[in-house]
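Participant: I have a structure I would like to understand better, so I am pasting it below and will then ask my questions one at a time.
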Amino acid sequence: MTAGVDIPTFARTQLSLLAAELEAEIAESSALVSLHSPAALQRAGVALINLTVASQRTGLGGRTVLELAPHPATASSAGPGSSSSSSSAADLPEHGIRVGDIVLVAEQPSSGGVRKKEAKAASSSSSSERSGVKGVVTRVGKGAVGVAVDDGSEDGGGKEDRVDALAAGEKKVWIVKVADDVTFRRMNSTMERLAKMEEREYSAFVRVLFGLSSPSPVPADLTKDEEVGEIEWIDPTLNDSQKDAIRFALASKEIGLIHGPPGTGKTHTLIELILQLLKRNLRILVCGPSNISVDNIVERLAPHKVPMVRLGHPARLLPSVLDHSLDVLTRTSEAGAIVKDVRAEMDAKQASIRKTRNGRERRAIYADLKELRKEYRERERKCVTDLVAGSKVVLATLHGAGGFQLRGEQFDVVIIDEASQALEAQCWVPLLAAKKAICAGDHLQLPPTIKSLNSKSKAATTTSSSSSRKGKGDAGPAAAAAAAAGAEGVIQGPTLETTLFDRLLKLHGPSIKRMLTTQYRMHEKIMRFPSDELYEGKLIAADAVKARLLKDLPYEVQDTDDTREPLIFIDTQGGDFLEKNEDEQDAGGGKKLTKSSLYGDSKSNEMEAALVRQHVRSLVDAGVKPEDIAVVTPYNAQLAILAPLKETFPGIELGSVDGFQGREKEAVIVSLVRSNPDGEVGFLGEKRRLNVAMTRPKRSLTVIGDSETVKKGSKFLKDWMEFLEENADLRYPDLTSLTQEA
Numbered sequence: 001m002t003a004g005v006d007i008p009t010f011a012r013t014q015l016s017l018l019a020a021e022l023e024a025e026i027a028e029s030s031a032l033v034s035l036h037s038p039a040a041l042q043r044a045g046v047a048l049i050n051l052t053v054a055s056q057r058t059g060l061g062g063r064t065v066l067e068l069a070p071h072p073a074t075a076s077s078a079g080p081g082s083s084s085s086s087s088s089a090a091d092l093p094e095h096g097i098r099v100g101d102i103v104l105v106a107e108q109p110s111s112g113g114v115r116k117k118e119a120k121a122a123s124s125s126s127s128s129e130r131s132g133v134k135g136v137v138t139r140v141g142k143g144a145v146g147v148a149v150d151d152g153s154e155d156g157g158g159k160e161d162r163v164d165a166l167a168a169g170e171k172k173v174w175i176v177k178v179a180d181d182v183t184f185r186r187m188n189s190t191m192e193r194l195a196k197m198e199e200r201e202y203s204a205f206v207r208v209l210f211g212l213s214s215p216s217p218v219p220a221d222l223t224k225d226e227e228v229g230e231i232e233w234i235d236p237t238l239n240d241s242q243k244d245a246i247r248f249a250l251a252s253k254e255i256g257l258i259h260g261p262p263g264t265g266k267t268h269t270l271i272e273l274i275l276q277l278l279k280r281n282l283r284i285l286v287c288g289p290s291n292i293s294v295d296n297i298v299e300r301l302a303p304h305k306v307p308m309v310r311l312g313h314p315a316r317l318l319p320s321v322l323d324h325s326l327d328v329l330t331r332t333s334e335a336g337a338i339v340k341d342v343r344a345e346m347d348a349k350q351a352s353i354r355k356t357r358n359g360r361e362r363r364a365i366y367a368d369l370k371e372l373r374k375e376y377r378e379r380e381r382k383c384v385t386d387l388v389a390g391s392k393v394v395l396a397t398l399h400g401a402g403g404f405q406l407r408g409e410q411f412d413v414v415i416i417d418e419a420s421q422a423l424e425a426q427c428w429v430p431l432l433a434a435k436k437a438i439c440a441g442d443h444l445q446l447p448p449t450i451k452s453l454n455s456k457s458k459a460a461t462t463t464s465s466s467s468s469r470k471g472k473g474d475a476g477p478a479a480a481a482a483a484a485a486g487a488e489g490v491i492q493g494p495t496l497e498t499t500l501f502d503r504l505l506k507l508h509g510p511s512i513k514r515m516l517t518t519q520y521r522m523h524e525k526i527m528r529f530p531s532d533e534l535y536e537g538k539l540i541a542a543d544a545v546k547a548r549l550l551k552d553l554p555y556e557v558q559d560t561d562d563t564r565e566p567l568i569f570i571d572t573q574g575g576d577f578l579e580k581n582e583d584e585q586d587a588g589g590g591k592k593l594t595k596s597s598l599y600g601d602s603k604s605n606e607m608e609a610a611l612v613r614q615h616v617r618s619l620v621d622a623g624v625k626p627e628d629i630a631v632v633t634p635y636n637a638q639l640a641i642l643a644p645l646k647e648t649f650p651g652i653e654l655g656s657v658d659g660f661q662g663r664e665k666e667a668v669i670v671s672l673v674r675s676n677p678d679g680e681v682g683f684l685g686e687k688r689r690l691n692v693a694m695t696r697p698k699r700s701l702t703v704i705g706d707s708e709t710v711k712k713g714s715k716f717l718k719d720w721m722e723f724l725e726e727n728a729d730l731r732y733p734d735l736t737s738l739t740q741e742a
C-alpha cells in the first residue's frame, strides 16, 4: 500500500487538469469551425445548414423541441429527391448529424468562413448563450431534424427568449456539433467541494479511497463468512470466478474492484450483484461513463421487474429503456397527470404564435409561455423528486448523477461500470453520495481519451505547462481555473489518464480486486496471447467457445483456408506496402476537409487496404455474412480509404480500435497500417489499444501488418509479432494478384 493522498491537493490538481482538457476541447472545436465555411462543415458531417424553425412543441421533460426543416429559399436545391414546388416536401441534404448529438442552433452566418468569434460561440457555452441555444438532436428524418433545446433550467432558466427569437419569422438557421461542457461543470463543482472539505467531514469511505485509512479486511473464505451468508443465486449458471467476485463485493465494506477482461461476463456479474444487494434491502446508484454502458444494464435488469429509474436525456437513451426513464415515468405516474394540463396549454400557446402576426399579441403569448414553462418546471421537479426518492435502484451516467434530480440523495452502494474508461473526477460526481463503491472494468484496455495530451511526451508536463501558461497572459479557461485552484498546490506528474480504478489498485494492491477468469467470446487460440501477456495466463476459454470456427456458424459456410483458421497473420514485410501521411494524399490541390481529417493528421496504407478488401471478399464468397465481419484499425485515414467496403458489402462494420472497445464480431480484420523504414509505430505502441484490437473477435482474427516495422515499436509488439509468426496461419501477400484486382 502506498502513502495516502492529500485530498485538497488532489482536487486542485484535478481542477487544473480538467481546465486544460476543456480548453483543448474548445480550441479543437473552435479551430474546426473558424477555418471552414458552414457548407464545408456540413460536408464533413459536423453541421447542417440552410434551415428554418418549421415548428416548436413541448417534448419529453417539458423541453422545447424545435423542428428544423430546409429554408424555403434553399429548399429547391436541398438535395437529391427534393421538391421545388413545396418547401415542406424538400429533403435534407446528406449530413452527419445523428440522434443524441449535442448541437448549437444559431442564426446562420453569412457566406464564407465563420468568424473566430462565432467559432468560439459554437464551442463555449458562455458564448453560445449569446448567439444561439444548445440542445440534443431527438429525431433525424428525411425532411426535418428535431432538437430538444436546453431551457436553462439547470442554471436558472433564461434561454426562452433566444429560442423564441430563432423561431420568429423565417430566419435562416444552422446547427453545428459542439463540445459538451455540462460534464466539465459538474466535475469541477465536485472537485471544488472536495477541495473545500474539512478533514472532520471525511467519511470512512472517503478516507479509504484516498489511502488515509486501510480498507476493512475481507475474510479469505467467503463461502463460510457469516455476514455474506448462504447465497441463493438468481442465476445458477454463474461460474466460480463470477460468484467469488459477487461474494467479495457483498463483503467489502468500503471499496471493491471487479476486474473483467474481455468476454468474461462483467455486466452479467453486475446484474446478479444488483439483485443480491436488493435482497439485502440496500439502495443502489448504478453509473457508467456513457449512456450505452448504463442502458445495457437497464435492458438486462428489466426482465427481473426491478423498480428502477433511469435518469438522462430521452434523446440519448436506447428506445428499449425509455419506459424506465424519468421523463416517461413522470408522465405516466399519478403525479405526472398533474403536469399534463400545463403541457397541453403550452403546446396550444406555441401553435398560436405562428398564426399571430400582431407584435403585441405575440409578446403577450411569449410572456404567458414563460410563466407556463416556470410552472411546468416547478410541478415536474416535485414529481421527479418523489419518483427518485421512492426508487431503490437509480441509473445514470456519471455526470448525469450530478443533476438536480439527485441533489441531497444518499445511496448505500454506488456501482460504477466501465470505471477504467472514466475520468476519476467524473466518478466522484456520484461517489460523494455513497457509503460504499463497487467499480467494474478492465484497466488493461483503453483509458478515457484525453485531448489535452497530444503526445506521450507532454503527459508528464500537462499540469505544469497549464500553470506556466497562466503566467504568460493566457486568459483561457485553463488559466482561470488553475488560478482559482491555486497552482502552487497541485501535484506534478499525474494526468487525466490515471483512472480511479488504476489509482486504487496502486494504492491498496490486489487485495481490493477480484478478477473474472472464464471468457465466453474468443476461440482459445485468439485468447492465448492477451491472456499470457496481460492477464497472467489466468484466462480460460469456456467450452462453448474455445474451438468454434467460422465454418461452424449456424448458417451455411464453406470449409476453406479462411474459415477453418481462427488466427491468420498476413505479413506485409519487405517494403512494398508503405504507409502514407494524410498530407501526402492531398499534396496536389490542398487538403480536403473530410470526416477522417477533422482532428489532425492520420496514417493510411493503400496496399494494406487492398489486402483487407481481398480478405473480406474471400470470407463473403465462402458464405460469411457481411454483418458478422468487422474491420478495425487505429487510424481514421485508413478508415476513410476502406469506406467503400460498406457499399460493396452492406452490413459490414468499419471502426477505429478505440471506437470498437466493448464490441465483438464473429470475424475481425485488424489493419495495423504502419510500415516505414524507421520502425516508427506511433500510438500503435500502446499495449492497451492492441489488447482491444485483438480481443474483439469470436471465431476469426486476421491481422494485416508489416512485422519488420511493428517489431521495432516495443517489447510487447515484438512478442506479439513473434507469437503470430509461431502460432497463426502465416501468409505473405501476392503483389501480382492485388495489382490485377485493382
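Just so we're aligned, residue 1 is where the sequence shown starts under the UniProt record's numbering, counting upward by one.
The beta-carbon is built from N, C-alpha and C at its ideal position, and this holds for glycine as well.
If you're wondering where the values come from, they're calculated on a predicted model, not measured in any experiment.
Could you pull the start and end residues of the beta strand (DSSP E) that Lys513 belongs to?
Facilitator: First-last of the beta strand (DSSP E) with Lys513: 513-515.
Participant: Rounded to the nearest angstrom, what separates Thr648 and Lys355 at their Cα positions?
Facilitator: Going from the Cα of Thr648 to the Cα of Lys355 covers about 50 Å.
Participant: Under 8 Å, with one C-beta from each stretch per pair, do the segment 293-306 and the segment 270-277 reach the 3-pair mark?
Facilitator: Yes, the segment 293-306 is in contact with the segment 270-277.
Participant: Report the CB separation of His259 from Met515 in whole angstroms; it is logged as a contact under 8 Å.
Facilitator: With 8 Å as the limit, His259 and Met515 qualify as a contact, their Cβ atoms being about 4 Å apart.
Participant: Would you kindly report the start and end of the unbroken beta strand (DSSP E) that includes Ile258?
Facilitator: It spans 255-259 - the beta strand (DSSP E) in which Ile258 sits, taken as one unbroken run.
Participant: If you run the structure through DSSP and keep just helix, strand and coil, what is Asp386?
Facilitator: Helix at Asp386.
Participant: Looking only at its own chain, which residues have a Cβ that is under 6 Å from the Cβ of His313, when we skip the five neighbours before and after it?
Facilitator: If we look at His313 and ignore the five residues flanking it on each side, its Cβ neighbours are Val136.
Participant: Rounded to whole angstroms, what is the Cα-Cα separation between Lys715 and Glu722?
Facilitator: The straight-line gap from Cα to Cα measures roughly 11 Å.
Participant: Does DSSP put residue 743 in a helix, in a strand, or in coil?
Facilitator: Any property of residue 743 remains undetermined from this structure, which presents the chain solely from 1 to 742.
Participant: Can you give the beta carbon distance from Glu21 to Leu496, rounded, assuming they're within the 8 Å contact cut?
Facilitator: Rounded, the Cβ-Cβ distance is 6 Å, consistent with contact.
Participant: Please check the pair Val624 and Ile669, which I expect to be a contact at CB under 8 Å, by giving their CB distance rounded to whole angstroms.
Facilitator: Actually they are not in contact, since the Cβ atoms of Val624 and Ile669 sit about 11 Å apart, beyond 8 Å.
Participant: Under three-state DSSP, which class holds Lys172?
Facilitator: DSSP places Lys172 in coil when its eight states are reduced to three.
Participant: Spatial neighbours of Val339 within its chain, please: C-beta separation below 7 Å, excluding the five flanking residues on both sides.
Facilitator: Only Tyr376, Arg379, Glu380, Cys383 meet the Cβ criterion.
Participant: Can you give me the Cβ contacts of Gln573 inside the same chain, cut-off strictly under 7 Å, excluding the 5 residues immediately before and after it?
Facilitator: Excluding residues within five positions, the ones whose Cβ falls inside 7 Å are Asp706, Ser707, Glu708.
Participant: Nearest to Asp373 by CA position, among Ile353, Arg363, Lys349, is which residue?
Facilitator: Residue 373 is actually Arg in this sequence, not Asp. Answer by Cα proximity: Lys349.
Participant: Check the C-beta distance from Leu432 over to Pro448 and give it rounded, since I have them as a contact under 8 Å.
Facilitator: Their Cβ separation, rounded to whole angstroms, is 20 Å, which puts Leu432 and Pro448 out of contact at 8 Å.
Participant: When burial is assigned at 16 or more other CB atoms within 10 Å of the CB, is Asn358 buried or exposed?
Facilitator: Exposed, because fewer than 16 other Cβ atoms sit within 10 Å of the Cβ of Asn358.
Participant: If I follow the unbroken beta strand (DSSP E) through Thr633, where does it start and stop?
Facilitator: Counting along the chain, the beta strand (DSSP E) containing Thr633 begins and ends at 629-633.
Participant: Please report how far the alpha carbon of Gly662 lies from the alpha carbon of Val703, in whole angstroms.
Facilitator: Whole-angstrom Cα-Cα distance: 19 Å.
Participant: Is the beta carbon of Gly692 sitting closer than 7 Å to the one on Leu326?
Facilitator: Checking the displayed sequence, the identity of residue 692 turns out to be Val instead of Gly. Against a cut-off of 7 Å, the Cβ pair of Leu326 and Val692 comes out as no contact.
Participant: Is Ala728 helix, strand or coil by DSSP?
Facilitator: Of the three classes helix, strand and coil, the one that applies to Ala728 here is coil, per DSSP.
Participant: Taking only runs that begin and end inside the segment 269-352, name each unbroken alpha helix (DSSP H) of 4 or more residues, in chain order.
Facilitator: 291-301, 326-332, all fully within the segment 269-352.
Participant: Can you grab the Cα-Cα spacing for the pair Lys436 / Ile512, in whole Å?
Facilitator: Distance between the alpha carbons of Lys436 and Ile512 is about 13 Å.
Participant: For Gln661, which three-state DSSP category applies?
Facilitator: Gln661: coil per DSSP, three-state reduction.
Participant: Grab me the residues of Leu250's own chain with a C-beta within less than 7 Å of its C-beta, minus the 5 sequence neighbours each way, in chain order.
Facilitator: Val228, Gln276, listed in sequence order.
Participant: Hey, Asp729 and Glu565 are a contact pair by Cβ (cut 8 Å); roughly how many whole angstroms apart?
Facilitator: About 4 Å separates the two Cβ atoms, so the contact holds.
Participant: DSSP three-state call for Lys698: helix, strand or coil?
Facilitator: Here Lys698 sits in strand by DSSP.
Participant: Quick check on the DSSP output: the beta strand (DSSP E) that includes Arg139 runs from which residue to which?
Facilitator: Per DSSP, Arg139 belongs to the beta strand (DSSP E) from 132-140.
Participant: Is Ala31 helix, strand or coil by DSSP?
Facilitator: In the structure shown, Ala31 sits in a helix (DSSP, three-state: H, G or I).
Participant: Any contact of the segment 281-288 with the segment 388-405, i.e. 3+ C-beta pairs under 8 Å?
Facilitator: Touching, per the Cβ criterion.
Participant: Based on Cα-Cα distance, which residue from Phe404, Thr385, Arg521 lies nearest to Leu549?
Facilitator: Of the candidates Phe404, Thr385, Arg521, the one whose C-alpha sits nearest the C-alpha of Leu549 is Arg521.
Participant: What are the residues that DSSP puts in a beta bridge with Ala422?
Facilitator: DSSP, once it has assigned bridges, lists no residue as partnering Ala422.
Participant: Going by CA-CA distance only, name the one from Leu701, Pro8, Trp233 that's closest to Val206.
Facilitator: Comparing Cα positions, the closest option is Pro8.
Participant: What three-state label does DSSP hand Pro72 in the structure shown?
Facilitator: In the structure shown, Pro72 sits in a helix (DSSP, three-state: H, G or I).
Participant: CA-CA distance, Ile652 and Arg731?
Facilitator: So the alpha carbons of these two residues sit roughly 24 Å apart.
Participant: Is DSSP giving Gln108 helix, strand or coil here?
Facilitator: Coil.
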